[in-house]
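Q: Please find one structure pasted underneath; my questions will follow.
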């Protein structure tokens, strides 16, 4: 578990955090069609919702999954992609998709989508580790959600 997270009894936390979860649930269940409608029903401001929506989750919330999309340029040599896969899975990520273009001029573009929910390092540490692989020309973090 990351040191950025704590398990805390919600009695210690302000009530508006529960309302942020309520607003998100209203949106996910389509009981509210817009953020404005959801926050009005939950009784919080839009600012409060946007400030905390990505940081507050209920224990049974299945949406607490994080994804990352990486673009890599690898040398066109045997074992390049395998080394990336081994490095990534060694940090307890789950590979969701891999898309590799045909190699051109000795380089291959690779797009990888990862589930980083259980990752044992930071995204920066992961990208730096991938950059240090012998077959890696470049690594770019496209998105994290």
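In this note's numbering, the protein residues as written are 95 to 239.
All C-beta atoms, glycine included, are put in the ideal place defined by N, C-alpha and C.
Do the stretch 163 to 172 and the stretch 204 to 212 touch if we need at least three Cβ pairs shorter than 8 Å?
A: Contact between the stretch 163 to 172 and the stretch 204 to 212 is present, because at least three Cβ pairs lie under 8 Å.
Q: Would you mind working out which of 196, 233, 186 and 178 sits nearest residue 211, comparing C-alpha positions?
A: As a working note, residue 211 is residue 117 in the chain shown. Comparing Cα-Cα distances from residue 211 to each of 196, 233, 186 and 178, the minimum goes to 186.
Q: With three or more C-beta pairs closer than 8 Å as the rule, is the stretch 215 to 234 touching the stretch 135 to 150?
A: Too few Cβ pairs lie closer than 8 Å, so no.
Q: Rounded to whole angstroms, what's the CA-CA distance from residue 136 to residue 220? Just pull it up for me.
A: As a working note, residue 136 is residue 42 in the chain shown. As a working note, residue 220 is residue 126 in the chain shown. C-alpha separation (whole angstroms): 38 Å.
Q: For residue 96, which of helix, strand or coil comes out of DSSP?
A: Within the chain shown, residue 96 is the residue found at index 2, counting from 1. Confidence in residue 96 is poor, its pLDDT being 49 and thus under 50, which makes the residue's placement unreliable; the coordinate value appears in the next sentence. DSSP places residue 96 in coil when its eight states are reduced to three.
Q: In the DSSP assignment, what are the bridge partners of residue 169?
A: Taking the first residue of the chain shown as 1, we reach residue 169 at position 75. Answer is 201, bridged to residue 169.
Q: Going by DSSP, what residues sit across from residue 230 in a beta bridge?
A: On the chain shown, residue 230 is found 136 positions in, with the first residue counted as 1. The partner list for residue 230 (beta bridge, DSSP) reads 168.
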